[in-house]
Amino acid sequence: MLPHTYSQSHPLLAAATVARIEPSVHPHPLLPAAIRHIIHLNRNVGLKHAAIHLARVKPNTASLIFHRHRTDEEWTYILSGTGVCDLSSENEDGTLDHTRMETVDIGAGDFIGHKRDGHGHCLRNTSDTEDLVYLCGSESFEGEIICEYPTVGKVLFVRKGQSHRYEELPPPPPSPPPPAAARPTQKASEQDKSASVSRDTSALPQSYRQTHPVLHARTIARIEPDKRSHSLLPTAERHIILLDDIVGLTHTGVHLARVPPGKTSLAFHNHRTDEEWTYVLSGTGVCDLSSEKDGTLDHLRIESVPVREGDFLGFVRNGRAHCLRNTSETEDLVYLCGGERVAEVVCEYPLARKIRYISVGPDGKDTAVRIEDWSPSA
């Protein structure tokens, strides 16, 4: 076994290595019966600005005490197992009541996104026999993290590298009175419509959005992916579903991507200003990487490493250039990918000898793109 503090400089953390890492055990101080077993994938490969963890919750156990984030976003993608997600209930006027809970069934392939100042939440493994396994992540917030615990009336204040403190949570304002039972409200009809969306089987457009934090796998399967190529490699092809945008996340990126057989995901590239990660869900392929010798990267010499289900790849700022290739003749390469959202993305394309500067607006959309020539000494 490897200690939970294990770290490596190579960006590929193979599934076989992940299986050897001893998880760190995290009972919650406000609810000791809530226990998560966590492997800090981002730390294992040196990521400092994009947090992503592999978590496991044992049968009939909660992940955490019911909580909500004031200052940072959080997301979860269920890999295996079943359970429920407890969420703050929504009042008829659209406000959230953190003292009343809605319970939603969850299973493999479901995505959950929690915005700043959004729903209170926690996961519970309701199985008697099977672990609940999921990826989870958040933005790397540099300021003070503030987390509320409505069920125990506490609020936590944390700064990186400093001690934390708990304070009393002010009582919530009274909930509005319930509507008359004989007269359905507009809000109630909207909730009925939202529930019917997850049961429907018709296709949904790329522009589909929802306010509820739980995006079920059955809904994801209905969303039309965005088929993308690349201006510097027209033969590249990937089909993307923007999970973050669908549930309203604006500070961290999480996408579901599929590369068809024989295709490359993107032009060979390297990030100067942001970190990026990939977790392979299914299929096989290779990741082309810049070669390294004596601690020096050579972006014009390529090392190819095989990738498969359960492999994690983490790319630090100014690290190795990379791209994925699906080497199968029959099976798609499917993966989650994501990272930071920064105001300006600077990306190098060594094989095309170009640098691209992309200004990003508050909505996450590109507002300006500038391309310059690249050289190994740039």
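Residue numbers (full-length UniProt numbering): 1 to 378. All residues carry an ideal CB built from backbone N, CA and C; glycine is no exception.
{"Query": "What residue does the beta strand (DSSP E) around residue 296 start on, and which one ends it?", "Result": "296 to 308"}
{"Query": "Rounding to the nearest angstrom, what Cα-Cα distance links residue 120 and residue 372 in this structure?", "Result": "46 Å"}
{"Query": "What is the DSSP secondary structure of residue 124, reduced to helix, strand or coil?", "Result": "strand"}
{"Query": "Is residue 193 buried or exposed, if buried means 16 or more other CB atoms sit within 10 Å of its CB?", "Result": "Any reading at residue 193 needs caution, since the residue's pLDDT is 46, under 50, leaving its predicted position unreliable; the model's value is listed next. Classification for residue 193: exposed."}
{"Query": "Rounded to the nearest angstrom, what separates residue 266 and residue 288 at their Cα positions?", "Result": "11 Å"}
{"Query": "Specify the secondary structure class of residue 65 as computed by DSSP and reduced to three states.", "Result": "coil"}
{"Query": "Determine the closest residue to residue 111 out of 98, 94, 133, with distance taken between C-alpha atoms.", "Result": "133"}
{"Query": "Do you know how far the Cα of residue 148 is from the Cα of residue 48?", "Result": "25 Å"}
{"Query": "Specify the secondary structure class of residue 318 as computed by DSSP and reduced to three states.", "Result": "coil"}
{"Query": "What's the C-alpha gap between residue 187 and residue 113?", "Result": "Any reading at residue 187 must be qualified, since the residue scores a pLDDT of 44, below 50, and its modelled position is unreliable; no value is offered."}
{"Query": "Classify residue 340: buried if its beta carbon has 16 or more other beta carbons within 10 angstroms, exposed otherwise.", "Result": "buried"}
{"Query": "If you reduce the DSSP assignment to three classes, tell me which class residue 18 lands in.", "Result": "helix"}
{"Query": "Considering only DSSP beta bridges, list what residue 257 is partnered with.", "Result": "240, 335"}
{"Query": "With distances taken between CB atoms, is the gap from residue 330 to residue 286 smaller than 8 Å?", "Result": "no"}
{"Query": "To the nearest angstrom, how far is it from the Cα of residue 297 to the Cα of residue 220?", "Result": "38 Å"}
{"Query": "Express the C-alpha separation of residue 269 and residue 155 in angstroms, rounding to a whole number.", "Result": "42 Å"}
{"Query": "Could you compute how far the alpha carbon of residue 78 sits from the alpha carbon of residue 106?", "Result": "8 Å"}
{"Query": "In chain order, what residues of the same chain lie with their CB nearer than 6 Å to the CB of residue 257, ignoring the 5 residues before and after it?", "Result": "238, 240, 335, 337"}
{"Query": "Mark residue 20 as exposed unless 16 or more other C-beta atoms lie within 10 angstroms of its C-beta, in which case mark it buried.", "Result": "exposed"}
{"Query": "Would you check if the stretch 91 to 110 and the stretch 137 to 147 touch, i.e. whether three or more CB-CB distances between them fall below 8 Å?", "Result": "no"}
{"Query": "Rounded to a whole number of angstroms, what is the C-alpha to C-alpha distance between residue 71 and residue 116?", "Result": "5 Å"}
{"Query": "Taking the straight line between their C-alpha atoms, what separation do you get for residue 374 and residue 307?", "Result": "29 Å"}
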